[in-house]
Amino acid sequence: MKKPISFVMILAMATLLAAGCGSAIAGTTAATAVQSEAKAEPVELTVFAAASMTETLSEIQKMYGVVAPDVTLTFNFDSSGTLKTQIEEGADCDLFISAAQKQMNALDLTHTKNTDKLDLILPGSRVDLLENKVVLVVPEGNPAGIQSFEDVNTDAVSMIALGNTDVPVGQYSEEIFTKMGVWDGIQDKITFASNVKEVTTQVSEGVVDCGVVYATDAFSAELTPVAEAPADMLATPVVYPAAVIKSSKHAEAAQAFLDYLQTAACATVFEKVGFTINQ
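Counting from 91, one number per residue, gives the positions in the sequence shown under the numbering used here.
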């Protein structure tokens, strides 16, 4: 009778030991997971982005706060020319999104048009993120009755708001009116703005008869586009390139955010205001 009792006791002890080991293993695994989470360091990313992305990136900022709660996004919105200059001068920037290729090319050593041989873009990170359209917009009610870009060179327009020539939207505007052969003739009508948001403000307030902006800014400012610049008026499409800055102290996190900007969730936000997603 002793043997069965001993066997039962041994079996019971083995069961208890196994349970104890299992609990210990589970506890260790849980502790490791907690420690891993505790090791996640908060990161602040500084993103320099074209002013025309203000509304979309502000919305995406809230979305990314759910996806990556340890990452804080700080935006610097301005004209791409101003942002490019700030980056050249050593401003703290992790990711740059330009409203034109020209400003990005000037920082990219691999590009043939980088005449200053600046090497500020992280190799392999550059992508063509979005495409926009250039449109002619008018104040509410269109008091001057403007219908086309051609009307700018008529008596219907006494004042037009355009971006400065160092601003992408201003460069596109100059290119359009130069191809039309009217650039020199409309100089007395132009009031220049430092970025596209200033153009939309002047049009919205009715201080000008019309202005040239991006389709997305027209949407955001609730302005009425009366004409879209034909493709043959522009030498290149209005493409927004993006790249991680080489000096970034958080290059991995910056690349992760850039990858997120290329997801379907962000595509919905961009397309809602009129951007086209580059494939």
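For each residue, glycine too, the CB sits at the ideal point set by N, CA and C.
Keep in mind the model is a prediction, meaning the values are calculated, not measured.
In this structure, does DSSP put P320 in helix, strand or coil?
-> Walking along the sequence shown from the start, residue 320 turns up at place 230. Three-state result, P320: coil.
Contiguous beta strand (DSSP E) assignments of at least 3 residues, all confined to the region 132–186 | 133–140, 161–168
So, S142 versus D307, is the Cβ gap smaller than 8 Å?
-> As a first step, residue 142 must be located in the sequence shown, where it is residue number 52. As a first step, residue 307 must be located in the sequence shown, where it is residue number 217. Contact flag set, yes.
When the distance is taken between beta carbons, is L313 closer than 8 Å to V242?
-> Counting from one through the sequence shown, the residue named residue 242 turns up at place 152. Counting from one through the sequence shown, the residue named residue 313 turns up at place 223. Their beta carbons are not under 8 Å apart, which means V242 does not touch L313 by this criterion.
Short check: CB of I335 to CB of V298, under 8 Å?
-> Numbered from 1 along the sequence shown, position 245 holds the residue referred to as residue 335. Numbered from 1 along the sequence shown, position 208 holds the residue referred to as residue 298. Between I335 and V298, the CB-CB gap reaches or exceeds 8 Å.
Use the C-beta contact count for A325: other C-beta atoms within 10 angstroms, 16 or more gives buried, fewer gives exposed.
-> Taking the first residue of the sequence shown as 1, we reach residue 325 at position 235. Its Cβ having fewer than 16 others within 10 Å, A325 is exposed.
Just checking my contact of T146 with F360 at CB under 8 Å: how many whole Å lie between their CB atoms?
-> In the sequence shown, residue 146 corresponds to position 56, counting from 1. In the sequence shown, residue 360 corresponds to position 270, counting from 1. Right, the Cβ-Cβ distance comes to about 6 Å (below 8 Å), so this counts as a contact.
Closest Cα partner of V286 within the set M270, T268, Y262 | Along the sequence shown, read from residue 1 onward, the residue named residue 286 stands at position 196. Residue Y262 is the option with its Cα nearest to V286.
What does a CB cutoff of less than 7 Å around A343 pick up in its chain, not counting 5 residues either side in sequence?
-> As a position in the sequence shown, residue 343 is number 253, starting the count at 1. Around A343: V133, L135, V161.
Whose CA, out of G364, D182, A355, lies closest to the CA of V156?
-> Against the sequence shown, residue 156 aligns to sequence position 66. Comparing Cα-Cα distances from V156 to each of G364, D182, A355, the minimum goes to A355.
Nearest to T353 by alpha carbon, out of P233, K269, P213, L220?
-> Within the sequence shown, residue 353 is the residue found at index 263, counting from 1. Out of P233, K269, P213, L220, L220 has the C-alpha closest to the C-alpha of T353.
Over what stretch of residues does the alpha helix (DSSP H) that includes P229 continue unbroken?
-> The count along the sequence shown starts at 1 and reaches residue 229 at position 139. Here P229 belongs to no alpha helix (DSSP H), and DSSP marks it neither H nor E.
Touching or not, the region 199–218 and the region 272–281, by the rule of three or more beta carbon pairs under 8 Å?
-> The count of Cβ pairs closer than 8 Å, one atom from the region 199–218 and one from the region 272–281, stays below three, leaving the stretches out of contact.
Would you kindly check if the distance between the Cβ of A234 and the Cβ of Y330 is under 8 Å?
-> Locating residue 330 in the sequence shown gives position 240, counting from the first residue. Locating residue 234 in the sequence shown gives position 144, counting from the first residue. No, the pair does not count as a contact, with Cβ atoms beyond the cut-off.
Coarse secondary structure for I236, derived from DSSP in three states | For this step, residue 236 is matched to residue 146 along the sequence shown. Residue state, collapsed to three classes: coil.
Should V225 and A140 be called a contact, given that it needs their Cβ atoms to be closer than 8 Å?
-> Taking the sequence shown and counting its residues from 1, one reaches residue 225 at position 135. Taking the sequence shown and counting its residues from 1, one reaches residue 140 at position 50. In this structure, A140 does not lie closer than 8 Å to V225 by Cβ.
What's the gap between the Cα of E295 and the Cα of S170?
-> Counted from its first residue, the sequence shown places residue 295 at position 205. Counted from its first residue, the sequence shown places residue 170 at position 80. For E295 and S170, the distance between alpha carbons rounds to 24 Å.
Among N368, F267, Q292, G260, which has the Cα closest to the Cα of D322?
-> The count along the sequence shown starts at 1 and reaches residue 322 at position 232. Ranking N368, F267, Q292, G260 by Cα distance to D322 puts F267 first.
Same chain only: Cβ atoms within 7 Å of I280, ignoring 5 sequence neighbours per side | Mapped onto the sequence shown, residue 280 falls at position 190. Correct list, in chain order: I250, L252.
For the beta strand (DSSP E) that I276 lies in, which residues bound it at each end?
-> Sequence index remark: in the sequence shown, residue 276 carries index 186 (1-based). Run containing I276: none; DSSP gives neither H nor E here.
Close Cβ partners of S338 (< 6 Å) along its chain, the five nearest in sequence each way excluded | Numbered from 1 along the sequence shown, position 248 holds the residue referred to as residue 338. Here the set comprises D184, A344.
Segments of 4+ residues assigned as alpha helix (DSSP H) that fall wholly inside the region 184–218 = 191–195
Tell me whether K414 is buried or exposed, calling it buried when 16 or more other Cβ atoms sit within 10 Å of its Cβ.
-> For the chain, the structure presents residues 91 to 369; residue 414 sits outside this window and is missing.
Residue environment, G231, which counts as buried when at least 16 other CB atoms sit within 10 Å = One-based indexing of the sequence shown puts residue 231 at position 141. Classification of G231: exposed, given that the 10 Å Cβ count is below 16.
Is L197 closer than 8 Å to I177 when the C-beta atoms are compared?
-> For this step, residue 177 is matched to residue 87 along the sequence shown. For this step, residue 197 is matched to residue 107 along the sequence shown. In this structure, L197 lies closer than 8 Å to I177 by Cβ.
If V316 sits next to Q237, beta carbons under 8 Å apart, how far is it from one beta carbon to the other, in whole angstroms?
-> Position 226 of the sequence shown, counted from the start, is the residue given in the question as residue 316. Position 147 of the sequence shown, counted from the start, is the residue given in the question as residue 237. Contact holds; Cβ gap of about 6 Å.
Using the rule of at least 16 other Cβ atoms within 10 Å of the residue's Cβ for burial, across every protein chain shown, is G364 buried or exposed?
-> In the sequence shown, counting from the first residue as 1, residue 364 sits at position 274. The residue in question, G364, is buried, as its Cβ has 16 or more Cβ neighbours within 10 Å.
In angstroms, rounded to a whole number, what distance separates the CA positions of S215 and A332?
-> As a first step, residue 215 is located in the sequence shown; it is residue number 125 there, counting from the start. As a first step, residue 332 is located in the sequence shown; it is residue number 242 there, counting from the start. Roughly 8 Å separates the two Cα atoms.
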